[in-house]
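>
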Ligand SMILES: Cc1cc2nc3c(=O)[nH]c(=O)nc-3n(C[C@H](O)[C@H](O)[C@H](O)COP(=O)(O)O)c2cc1C
């Protein structure tokens with residue numbers, strides 16, 4: 051096993067091992083990728099206050115997210131096609147998460163189905179819902195998540211239509227990959243991935259194929275997905291989904307204080323301040339830059355989580371110190387998964403926890419609950435002077 055000291059080490063191995071089409075799928079933002087880039091670079095603008103001569107024994111990163119105990123407040127975000135980054139990727143990631151003690155979120159657009167993950171996992175996981183026009187399918191999907199004992203429904207609100215990522219169009223992204231001269235040439239250099247994939251439980255969209263009338267293969271599926279995401283989704287429909295689920299709900303994809311207030315009013319258990327990792331509205335501000343304004347608006351009314359751009363435990367600490375109660379990581383765990391399967395996801399979580407713990411100690415804190423704005427040095431114009 052190579053020595054992994056940071057998330058970028060995993061990314062380098064991931065890039066070598068996984069077909070270009072799936073690496074590009076994860077490593078893209080929409081259009082110019084400005085928001086994708088700024089999600090990470092904005093974290094760098096926030097600096098840390100070093101404190102000394104503070105007893106740092108008995109530290110812990112343990113905390114809670116929506117009332118559930120977590121080893122650190124970092125959940126695995128829902129990531130579509132995770133099972134194309136590594137054979138049985140969703141099962142591998144779910145197992146790594148439960149062993150580590152953090153939540154795993156299964157995407158609607160996963161390869162392994164809800165039932166396959168539930169069978170392989172021994173702890174409840176979260177299920178992420180994309181809202182589709184086919185209400186009967188959504189009702190059945192929600193019932194499947196209930197039957198699988200999922201402990202929270204994560205409703206994603208920022209993808210009623212798909213942001214354009216140029217590379218996916220140019221690569222002809224599909225699952226499994228279509229065999230063209232270019233993909234064959236690339237696959238020839240990814241033998242381990244291919245051999246493992248031959249033994250995978252599944253190579254198509256497990257929550258969809260066989261569950262939606264008329265969808266039996268992925269070529270129909272592409273067209274079906276484009277047609278099916280619900281452009282008419284509004285707060286009224288969100289309220290109905292919350293009622294239909296009847297359990298803990300997390301509303302994901304909030305980037306505006308007004309929307310955060312609406313989400314809190316509907317009684318969500320948490321919101322995720324997120325711009326979908328820069329994959330939807332290019333030109334939107336980064337999640338970390340929007341967090342203070344959203345905390346000011348709803349920090350006392352609803353639990354706030356943040357994702358988009360987190361690549362280290364230091365990034366996690368900055369989000370927590372700004373008031374978030376939890377965070378999610380997308381690409382950071384995908385790099386680990388693509389690099390080394392379950393072990394790689396564990397390695398990603400270990401790296402982040404170690405960075406979080408060490409940074410906490412050097413900031414003079416012993417628990418994540420104690421973190422606050424007093425740990426940070428924030429540029430005066432960080433919130434920006436934007437005119438609406
Ligand atoms: C390859 C990829 C696929 C994703 N698929 C989904 C999805 O199916 N559902 C969803 O709600 N979010 C999806 N997201 C967004 C993530 O849940 C999360 O918001 C984002 O990855 C956070 O940014 P980060 O990758 O910089 O950590 C996806 C992100 C990536 C990178």
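Numbering (my numbering), first residue to last: 51 to 438.
Positions of the beta carbon are idealized from the N, C-alpha and C atoms, including for glycine.
1) Which one of 123, 58, 112, 62 has the shortest CA to CA distance from residue 357?
2) If you check the beta carbons only, do residue 406 and residue 146 fall under 8 Å apart?
3) Touching or not, the stretch 84-94 and the stretch 415-423, by the rule of three or more beta carbon pairs under 8 Å?
4) From the DSSP output, in three-state form, read off residue 213 for me.
5) Regarding residue 359 and ligand 1, is the C-beta to nearest heavy atom distance less than 7 Å?
6) Using a threshold of 7 Å, is the CB atom of residue 384 nearer than that to any non-hydrogen atom of ligand 1?
7) First and last residue of the alpha helix (DSSP H) that includes residue 439?
8) For residue 75, tell me which candidate among 262, 183, 52, 133 has the shortest Cα-Cα distance.
9) At a cut-off of 7 Å, is residue 403 close to ligand 1 when judged by its beta-carbon and the heavy atoms of the ligand?
10) Would you kindly check if the distance between the Cβ of residue 135 and the Cβ of residue 157 is under 8 Å?
11) So which of 95, 325, 153 has the shortest CA-CA distance to residue 84?
12) With a threshold of 6 Å on Cβ separation, who are the neighbours of residue 153 within its own chain once the five nearest residues in sequence on each side are excluded?
13) Count the other CB atoms, across all protein chains shown, that sit within 10 Å of the CB of residue 363; report buried if there are 16 or more and exposed otherwise.
14) Using the Cα positions of residue 240 and residue 199, report the straight-line distance between them to the nearest angstrom.
15) Could you tell me the boundaries of the beta strand (DSSP E) in which residue 320 lies?
16) Out of 211, 428, 410, state which residue places its alpha-carbon closest to the alpha-carbon of residue 111.
17) Taking 7 Å as the cut-off, is the beta-carbon of residue 89 closer than that to any non-hydrogen atom of ligand 1?
18) Beta carbon of residue 182, beta carbon of residue 279: below 8 Å?
19) Does the Cβ of residue 211 have 16 or more other Cβ atoms within 10 Å, making it buried, or fewer, making it exposed?
Based on what the coordinates show:
1) 123
2) no
3) no
4) coil
5) yes
6) yes
7) For residue 439 there is no data in the structure shown, the boundaries of the chain being 51 and 438.
8) 133
9) no
10) no
11) 325
12) 125, 176
13) buried
14) 36 Å
15) 320-323
16) 410
17) yes
18) yes
19) exposed
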